[in-house]
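First comes the structure, then the notes that go with it.
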C-alpha cells in the first residue's frame, strides 16, 4: 500500500510539474546591452497584445546573457556575437543545447563629441586609435588634444566584435588589444553619456544609441574607399564596414511562450520595431 502511495504522489507531482510548465506565463530575457532597447520594445508591444503574459528584459552584456542561459536562469539570451565554442562545451556539460536565431542586423557606430572636427576615419585609423598607437587627435586631422578611448567592458559582445573586426582586422592570429588606458564602461548608454560631455572622447556602440549629443563618424575600409555613415540603408546594402547580426539563444528549439515571443519578433510588427529602434530588419 505504501509503495502504491509513493508511486501515486510521484506521478501526481510529475503531472503537476508538466502542467505548470505547459501553463508558463512569463519568460526571462537577458544579455546584450546593444539589444536591450529593442527587446524591451518587443516585450512592451507583445504584452499589450497578450494580457496575462509577462516578458522581463535585462542587460548585462552578451556573455552575461549566455552564462544565464547556460546556468538555467533565463529563457532567452540576447547576444550581439555568435556563441563561443567554449560556451557551447560548457552548456553541453550542463545539459543545455543553445539554439541560435538571427533576429536583426546592426551597424556599430563610432562616435565623438559634436565639437570634435574629425568626421571620418578609416578602419586602420580606428585600429590605431583604439589600440593606442594613435594617441592625439592631430594625427587624424583633429585638434592637438590627447584622445580619450572609451570601450565596452570585456564581457560585452560589442567589445568582442569591435576587437576582432577592427583592432585585429578579422585576423585570427592577431593578438591586438585595446590600449591599456582605454576606459571600459559597463553599458552603451555610459559611453553615449561620456562622449556627450567630453570633446576628446571616442567610443562605439550599436546604431540604436546614436543621438544629437554625439556625432557618428563616417568609416571607410581604407583611404581609397568611400566613407560611409552608419545608417540603416548602408547596412542593408552591405556598404557600412562595421556591421553584424544580432541573435536570440534559447535552450533547444523554442517551445511554448518562448516560441510565441520569438515568432512575434519575426512578425511584421516585430520587424517594424527593429526599424523604429534604428536596427536593420531581417525581413522587409
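Residue numbers (my numbering): 112 to 395. Here a beta-carbon is modelled for each residue, glycine too, at the ideal position from N, C-alpha and C.
Secondary structure of residue i, DSSP reduced to three states
i, result
"residue 313", "strand"
"residue 318", "helix"
"residue 304", "helix"
"residue 116", "At residue 116, the pLDDT of 36 sits below 50, so the modelled position is not reliable; the number obtained from the coordinates is stated separately. Helix."
"residue 235", "helix"
"residue 133", "Any reading at residue 133 is ruled out, since the residue's pLDDT is 47, under 50, leaving its predicted position unreliable."
"residue 393", "coil"
"residue 139", "strand"
"residue 336", "coil"
"residue 211", "strand"
"residue 187", "strand"
"residue 154", "helix"
"residue 347", "helix"
"residue 299", "helix"
"residue 160", "helix"
"residue 168", "strand"
"residue 147", "helix"
"residue 229", "coil"
"residue 260", "strand"
"residue 251", "helix"
"residue 72", "Given a span of 112 to 395 for the chain in the structure shown, any question on residue 72 remains unanswerable."
Any C-beta of chain C under 9 Å from that of residue i
i, result
"residue 279", "Judged by its chain identifiers, the structure shown contains no chain C, having just a single protein chain."
Option nearest residue i by Cα separation, candidates the options
i, options, result
"residue 196", "177, 186, 212 and 213", "177"
"residue 295", "392, 192 and 316", "316"
"residue 329", "204, 234 and 136", "234"
"residue 281", "384, 238 and 163", "238"
"residue 319", "334, 341 and 313", "341"
"residue 390", "148, 137, 326 and 174", "148"
"residue 352", "303, 245, 368 and 333", "333"
"residue 304", "367, 286, 326 and 288", "326"
"residue 374", "388, 170, 386 and 394", "394"
"residue 198", "185, 174, 220 and 189", "174"
Residues near residue i in its chain [Cβ-Cβ closer than 8 Å; skip 5 each side]
i, result
"residue 151", "168"
"residue 183", "205, 207 and 362"
"residue 131", "Reliability fails at residue 131, whose pLDDT of 42 lies under 50, so the model's placement of it is uncertain and no value is given."
Residue i and residue j closer than 9 Å at C-beta
i, j, result
"residue 268", "residue 142", "yes"
"residue 158", "residue 215", "no"
"residue 207", "residue 181", "yes"
"residue 224", "residue 172", "no"
"residue 301", "residue 259", "no"
"residue 338", "residue 187", "no"
"residue 370", "residue 161", "no"
"residue 253", "residue 293", "no"
"residue 241", "residue 284", "no"
"residue 144", "residue 322", "no"
"residue 229", "residue 251", "yes"
"residue 384", "residue 156", "yes"
"residue 270", "residue 279", "no"
"residue 358", "residue 246", "no"
Cut-off 6 Å between Cβ atoms - residues of its own chain near residue i, not counting five sequence neighbours on either side
i, result
"residue 376", "153 and 214"
"residue 133", "Note on residue 133: pLDDT 47, under 50, position unreliable in the model; the coordinate value appears next. None."
"residue 272", "192 and 355"
"residue 368", "135 and 138"
Bridge-paired residues (DSSP) for residue i
i, result
"residue 241", "Answer is none; residue 241 lacks a bridge partner."
"residue 375", "Paired residues: none, contrary to the question."
"residue 354", "218"
"residue 271", "Partner(s): none; residue 271 has no beta bridge."
"residue 193", "Residue 193 is not bridged to any residue."
Heavy atom of the ligand NAD within 8 Å of residue i beta-carbon
i, result
"residue 320", "The ligand NAD is absent from the structure shown, which contains no ligand whatsoever."
Neighbourhood of residue i by C-beta distance below 7 Å, restricted to the same chain and skipping five residues each side
i, result
"residue 165", "136, 137 and 158"
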